[in-house]
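The block underneath contains the structure these notes are about, expressed in structure tokens.
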């Protein structure tokens, strides 16, 4: 079955520590891959996306993600977390050939940052 | 930047009543809009895709007679939950795609509302 899995429901890190949020997908052909962030009361904001090419993708706010085909993963990373990064993070996919904007999401990972 | 306004942010209603949620694109024309729902600790699940002036396309398992979607203009889509029941309590989010004008990051041109928390008593 097609799915997007974010295995961690909640992650807590100290400010300044590194961060990695996991995402795995299960699709026949590698879909387009996205990471979104949602802060309370705000709409989802796109952090980065992968379509093809370089497997290490740079995004906004200092985030990056690495696509690993062999592991069907697209993990989000940040070398040094800031308190303002506390939010909910969603991995999403768009199957190849599907309508632009038609996304399928993981369940989200809530990030808490300790001062 | 492009903004999608979704209202209301939260709504409480009695079982059996209908609730309308609005999603407006404020500074671009949204030729396509998407509606999602999210249960606690679960994924955002795509409910339907609507194109302006056309009938919505519903995902498998979504009752089209219960979740009425109207996309009569390029800036407004509405989701009406008819005869709501407690099991319809959920977080509903819209997204809008600008296929003509403003570009989002990397040209994806997809913008999200801030969501509506529906609680049915």
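Residue numbers (the working numbering), protein chains in the order written: chain A, 1 to 115; chain B, 1001 to 1121. Cβ coordinates follow ideal geometry from the N, Cα and C atoms, glycine included.
Whole-angstrom C-beta distance between residue j and residue i, which should lie under 8 Å
i: residue 63 of chain A; j: residue 47 of chain A; result: 5 Å
i: residue 29 of chain A; j: residue 96 of chain A; result: 5 Å
i: residue 106 of chain A; j: residue 91 of chain A; result: 4 Å
i: residue 1052 of chain B; j: residue 1071 of chain B; result: 5 Å
i: residue 1096 of chain B; j: residue 1030 of chain B; result: 4 Å
Straight-line Cα distance separating residue j from residue i
i: residue 20 of chain A; j: residue 60 of chain A; result: 15 Å
i: residue 1116 of chain B; j: residue 1093 of chain B; result: 6 Å
i: residue 36 of chain A; j: residue 1018 of chain B; result: 31 Å
i: residue 86 of chain A; j: residue 1060 of chain B; result: 34 Å
i: residue 1075 of chain B; j: residue 17 of chain A; result: 42 Å
i: residue 66 of chain A; j: residue 89 of chain A; result: 16 Å
i: residue 1118 of chain B; j: residue 1058 of chain B; result: 20 Å
i: residue 1106 of chain B; j: residue 1016 of chain B; result: Note that residue 1106 of chain B scores 46 on pLDDT, short of 50, meaning its location in the model is unreliable; the coordinates nonetheless yield the value given after this. Whole-angstrom Cα-Cα distance: 43 Å.
i: residue 4 of chain A; j: residue 75 of chain A; result: 12 Å
i: residue 6 of chain A; j: residue 1121 of chain B; result: 31 Å
i: residue 11 of chain A; j: residue 110 of chain A; result: 6 Å
i: residue 24 of chain A; j: residue 72 of chain A; result: 6 Å
i: residue 1055 of chain B; j: residue 13 of chain A; result: 46 Å
i: residue 22 of chain A; j: residue 8 of chain A; result: 7 Å
i: residue 103 of chain A; j: residue 42 of chain A; result: 18 Å
i: residue 1110 of chain B; j: residue 40 of chain A; result: 19 Å
i: residue 81 of chain A; j: residue 1020 of chain B; result: 39 Å
i: residue 1090 of chain B; j: residue 1065 of chain B; result: 18 Å
i: residue 1063 of chain B; j: residue 1041 of chain B; result: 22 Å
i: residue 79 of chain A; j: residue 113 of chain A; result: 14 Å
i: residue 34 of chain A; j: residue 1069 of chain B; result: 26 Å
i: residue 1033 of chain B; j: residue 1098 of chain B; result: 9 Å
i: residue 1028 of chain B; j: residue 108 of chain A; result: 28 Å
i: residue 1050 of chain B; j: residue 1084 of chain B; result: 21 Å
i: residue 68 of chain A; j: residue 98 of chain A; result: 22 Å
i: residue 38 of chain A; j: residue 70 of chain A; result: 29 Å
Proximal residues to residue i (C-beta, below 7 Å), its chain only, five neighbours per side dropped
i: residue 115 of chain A; result: 15, 83
i: residue 2 of chain A; result: 26, 27
i: residue 56 of chain A; result: 64, 66
i: residue 1014 of chain B; result: 1121
Sequence-distant residues of its chain with Cβ nearer than 6 Å to residue i (five each side left out)
i: residue 77 of chain A; result: 20, 64
i: residue 32 of chain A; result: 51, 94
i: residue 58 of chain A; result: 64
i: residue 1007 of chain B; result: 1022
i: residue 1025 of chain B; result: 1004, 1075, 1096
i: residue 1012 of chain B; result: 1119
Where residue i meets chain B, residues with beta-carbon distance less than 9 Å
i: residue 105 of chain A; result: 1036, 1038, 1043, 1044, 1045, 1046
i: residue 69 of chain A; result: Correct list: empty, because the minimum Cβ distance to chain B is about 21 Å.
Under 8 Å from the C-beta of residue i: neighbouring residues of chain B
i: residue 99 of chain A; result: 1032, 1049
i: residue 4 of chain A; result: 1043
Contacts of residue i in chain B (Cβ-Cβ under 7 Å)
i: residue 44 of chain A; result: 1112
i: residue 102 of chain A; result: 1034, 1046, 1049
Cβ-based neighbour list, residue i, same chain, cut-off 8 Å, excluding 5 preceding and 5 following
i: residue 1067 of chain B; result: 1035, 1047, 1048, 1058, 1079, 1080, 1081, 1082
i: residue 1044 of chain B; result: 1036, 1037, 1038, 1093
i: residue 1009 of chain B; result: 1114, 1115, 1116, 1117
Contact list for residue i against chain A, beta-carbon separation under 9 Å
i: residue 1004 of chain B; result: 43
Next item on the list: Could you name the residues of the region 1050–1067 of chain B whose beta carbon sits closer than 8 Å to any beta carbon of chain A, in the order they occur along the chain?
Entry: Answer set for the region 1050–1067 of chain B: empty.
Next item on the list: Taking only beta carbons into account, state which residues of the region 6–21 of chain A come closer than 7 Å to chain B, listed in chain order.
Entry: Taking 7 Å as the Cβ-Cβ cut-off against chain B, the residues of the region 6–21 of chain A that qualify are 9.
Next item on the list: Mind checking the region 1070–1098 of chain B against chain A and listing, in chain order, the residues whose C-beta falls within less than 7 Å of any C-beta there?
Entry: Within the region 1070–1098 of chain B, the residues whose Cβ lies closer than 7 Å to some Cβ of chain A are 1095, 1097, listed in chain order.
Margin query: Taking beta-carbon pairs under 8 Å, can you tell me which members of the region 69–91 of chain A lie near chain B?
Written below: For the region 69–91 of chain A, residues whose beta-carbon sits nearer than 8 Å to a beta-carbon of chain B comprise 90.
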